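Chains as they are written, first to last, in this note's numbering: chain A, 303 to 412; chain B, 32 to 145.
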């Protein structure tokens, strides 16, 4: 069964305290791995797409990486405005179907 | 931001009544999707469309139907709403012809079935 698991479920960081969020996937075939940010009461906002193991993408304090089994979202020196739920999704190869994880709720304290 | 709107944004209805949610896009994207989001579950695909009048089922399609008569509009209908369909519904769009399969999401519709 195709599955995406995110850990931890929730994470509290002090401002400036770097950490990583994990997204492990078990799918029949991976077309792409997507990261989104979701603020309360809003729709997911696209962050990154990764297509190949070893690929890395960066945007401000965020860096996403991909291996054959998992993806990491590294947050460097986070700020309170980085507080949100971070979702990952695996697109199944040969399809336009996406399997989402349940998300990591990040809280950054000032 | 991708030009995606959803209507209504909030709705309260009673069990057994029909409900239609609308997704409208101004991006001319070919693919459109309907998801539901519930606590403890990731976003789950209900139905998607790969063109006008072309639709397919997702993993939680029972009790839902969709229609797409124009590129810009994708309708989700609950023929007879049940309390288990209380959820937040998100529409998404994508355009693979642009070289990426990235989905862009609308603001969501919060539906409560009493």
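Beta carbons are placed, not taken as given, at the ideal position from N, Cα and C, and that holds for glycine.
Owing to the predicted nature of the structure, the values given are computational and were not obtained by experimental measurement.
Between the CA atoms of residue j and residue i - distance to the nearest angstrom
| i | j | result |
| --- | --- | --- |
| residue 66 of chain B | residue 73 of chain B | 10 angstroms |
| residue 142 of chain B | residue 407 of chain A | 23 angstroms |
| residue 396 of chain A | residue 92 of chain B | 20 angstroms |
| residue 130 of chain B | residue 112 of chain B | 38 angstroms |
| residue 144 of chain B | residue 85 of chain B | 29 angstroms |
| residue 114 of chain B | residue 384 of chain A | 34 angstroms |
| residue 310 of chain A | residue 54 of chain B | 33 angstroms |
| residue 326 of chain A | residue 314 of chain A | 21 angstroms |
| residue 76 of chain B | residue 88 of chain B | 8 angstroms |
| residue 127 of chain B | residue 133 of chain B | 8 angstroms |
| residue 387 of chain A | residue 109 of chain B | 28 angstroms |
Environment of residue i [buried if 16+ CB atoms lie within 10 Å]
| i | result |
| --- | --- |
| residue 412 of chain A | exposed |
| residue 125 of chain B | buried |
| residue 60 of chain B | buried |
| residue 355 of chain A | exposed |
| residue 353 of chain A | exposed |
| residue 305 of chain A | exposed |
| residue 316 of chain A | exposed |
| residue 40 of chain B | exposed |
| residue 82 of chain B | exposed |
Residue i and residue j closer than 8 angstroms at C-beta
| i | j | result |
| --- | --- | --- |
| residue 366 of chain A | residue 373 of chain A | yes |
| residue 345 of chain A | residue 139 of chain B | yes |
Contact with chain A by residue i, beta-carbon distance below 8 angstroms
| i | result |
| --- | --- |
| residue 52 of chain B | no |
| residue 56 of chain B | no |
| residue 39 of chain B | no |
Cutoff 8 angstroms: residue i Cβ touching any chain B Cβ
| i | result |
| --- | --- |
| residue 327 of chain A | no |
| residue 387 of chain A | no |
| residue 336 of chain A | yes |
| residue 403 of chain A | yes |
Three Cβ pairs or more, each shorter than 8 angstroms: is that satisfied between the segment 41–52 of chain B and the segment 328–335 of chain A? The segment 41–52 of chain B, when compared against the segment 328–335 of chain A, does not touch it at the 8 angstroms Cβ threshold.
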